[in-house]
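Working notes for the structure below.
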Amino acid sequence: MNRSRVEQILNRFSGKTILIIGDLMLDEFIWGKVRRISPEAPVPVVEVTEETYRLGGSGNVAANIRALDGTPIPIGVIGQDSVGDQVVNLMHQSGIDISGLVRNNRPTTVKTRIIAHSQQVVRADRESKQPVSSDVTAEVVTRFLRHLPSASAVIVSDYNKGVVSAKVLSGILPQARSAAVPVFVDPKIEHADYYRPITIITPNQREAELLTGTSISDEASLEQAGHKLLEKFGCDYALITRGEDGMSLFNAVNSHHLPTFAREVFDVTGAGDTVIATLCLAYAAGASIEECATLANHAAGIVVGKVGTATLCRSELLSDFVAHNAHSAG
């Protein structure tokens with residue numbers, strides 16, 4: 002893949018509509034400095050200087066797709082609360098379609114991270130993990146099916162916070178397959194029995210081990226896990242993200258291992274969201290699966306170099322590809 006091919010793929014991101022069904026959240030960041038230890042307990046005292054908010058969970062997938070000039074339509078549930086209002090406002094600011102959002106009385110998930118000197122000090126989660134009601138489930142499926150005819154691809158962003166369920170998956174996956182719309186799944190072990198039919202599954206290494214019952218310790222066990230994923234989910238491809246070891250792509254015929262492109266790692270928050278967003282957009286844009294994985298790998302390398310829940314734009318992705326290729330050529 003050369004620069005002109007990357008430009009061709011990136012230019013096709015525009016106009017691609019991606020449905021993202023999953024758990025919407027708000028990511029809150031409290032930024033500050035640590036100058037002393039508390040006299041009350043052996044913990045740092047953070048002097049707060051700033052508070053920022055980002056879309057989290059499946060909302061971060063949508064934010065990544067929007068930043069790459071795609072058209073995301075998130076399908077999910079938020080509460081009738083101030084946090085839900087913030088999620089809606091952030092989507093409005095980013096130009097994200099909110100017609101797939103269902104509001105009810107369960108609280109909107111908030112993940113609060115306190116960060117000092119570019120290091121996360123602590124994280125506090127406020128959430129309900131209870132499954133949404135049958136009425137809300139039916140409405141989620143209805144919203145999904147309403148938007149499916151316009152979709153280039155579907156992402157299931159499962160954080161196991163109550164939106165993705167056996168009933169939701171059985172209501173959407175066969176319909177997507179009938180419409181010939183590819184489905185990308187960022188999985189959780191709790192719903193492993195219900196991810197069928199799908200196109201690609203994108204677990205991290207720990208999730209791949211849990212999903213396959215395989216301890217990944219060397220190349221042979223990695224290959225075994227990759228092919229078990231293909232067999233278990235009946236999917237065309239499996240992409241295992243492996244942190245500092247890059248990522249590994251599998252299909253029925255062969256495997257493809259990509260080293261990490263990250264120069265520095267400051268924060269892995271939301272990196273998996275960036276991977277599946279980039280992978281999906283590239284696939285919808287007509288890239289080969291190997292090209293998709295390469296671009297997703299570059300995207301991950303960029304966002305882990307940023308602190309907090311992060312996105313990237315097409316020009317950053319192109320620049321990173323060009324820089325690494327120039328380095329390789331040199």
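In my numbering, each residue's number is its place in the sequence shown (first place is 1) plus 1.
Just so you know, even glycine gets a beta-carbon here, dropped at the ideal spot from N, CA and C.
For Leu296, same chain residues with a beta-carbon under 6 Å away, outside a window of 5 residues either side, are Thr279 and Ala283 in chain order. Taking each of Pro108, Thr109 and Val123 in turn and checking the Cα distance to Ile115, the smallest one comes out for Val123. Residue burial is scored here from C-beta neighbours: Val266 has fewer than 16 other C-beta atoms within 10 angstroms and is therefore classed as exposed. In the DSSP annotation of this structure, the continuous segment of the beta strand (DSSP E) that includes Tyr238 starts and ends at Tyr238 to Thr242.
If you draw a straight line from the Cα of Ile76 to the Cα of Met248, it is about 28 Å long. If you keep only unbroken beta strand (DSSP E) runs of at least 3 residues inside the segment 220-301, you get 238-242, 248-251 and 256-259. Phe251 has its alpha-carbon roughly 45 Å from the corresponding atom of Val35. In the three-state reduction of the DSSP assignment, Lys112 falls in the strand class. Residue state for Met2 is assigned as coil, using DSSP reduced to three classes.
Scanning its chain for C-beta atoms nearer than 7 Å, with the 5 sequence neighbours on each side dropped, one finds around Val88 the residues Leu25, Leu27, Leu56, Gly60, Ile79 and Thr109, in chain order.
Across the set Gly33, Ser158, Ala167 and Asp194, the C-alpha of Gly33 shows the shortest separation from the C-alpha of Gln121. By the beta-carbon neighbour count (other beta carbons within 10 angstroms, threshold 16), Glu232 is exposed. Note on geometry: alpha-carbon atoms of Ser222 and Thr215 lie some 7 Å from one another. Spatial neighbours of Ile38 in its own chain (CB-CB distance under 8 Å, excluding positions within 5 residues in sequence) are listed in chain order as Val44, Pro45 and Val46. For Pro175, no beta strand (DSSP E) encloses it; the enclosing alpha helix (DSSP H) starts and ends at Ala167 to Ser179. Across the set Ser83, Pro183, Gly96 and Pro204, the C-alpha of Ser83 shows the shortest separation from the C-alpha of Asn105.
The residue among Lys307, Ser119, Glu140 and Gly85 with its C-alpha nearest the C-alpha of Gly101 is Glu140. In this structure, Leu240 sits near Val276, with a CB-CB distance shorter than 9 Å.
Its Cα nearest to that of Asn326, the residue Phe262 stands out among Val305, Phe262 and Lys307.
Counting along the chain, no alpha helix (DSSP H) covers Ser39, and no H or E run does either. Cβ atoms of Ala64 and Ser15 stay farther apart than 8 Å, at about 16 Å. For Ala300, the CB contacts under 7 Å within the same chain, skipping 5 residues up- and downstream, are Thr275, Val276, Thr279, Leu313 and Leu318 in chain order. The residue among Lys162, Ala181, Val157 and Gln206 with its C-alpha nearest the C-alpha of Tyr195 is Val157.
Counting of Cβ neighbours within 10 angstroms places Thr138 among the buried residues, the total reaching 16 or more. Less than 9 Å divides the Cβ of Gly244 from the Cβ of Asn205. In the same chain as Ala226, and ignoring 5 residues on each side of it, the C-beta atoms closer than 6 Å to its own belong to Ala209, Thr213, Thr215 and Ile217, in chain order. Comparing alpha-carbon positions, the option among Phe234, Ala286 and Ser171 lying closest to Thr200 turns out to be Phe234. Boundaries of the beta strand (DSSP E) harbouring Asn105: Leu102 to Asn105, taken from the DSSP string. Note on the segment 40-88: whole alpha helix (DSSP H) runs with a minimum of 4 residues are 59-68, in chain order. If you draw a straight line from the Cα of Ile173 to the Cα of Val111, it is about 27 Å long. Cα atoms of Val186 and Glu292: separation of roughly 18 Å, rounded to the nearest angstrom.
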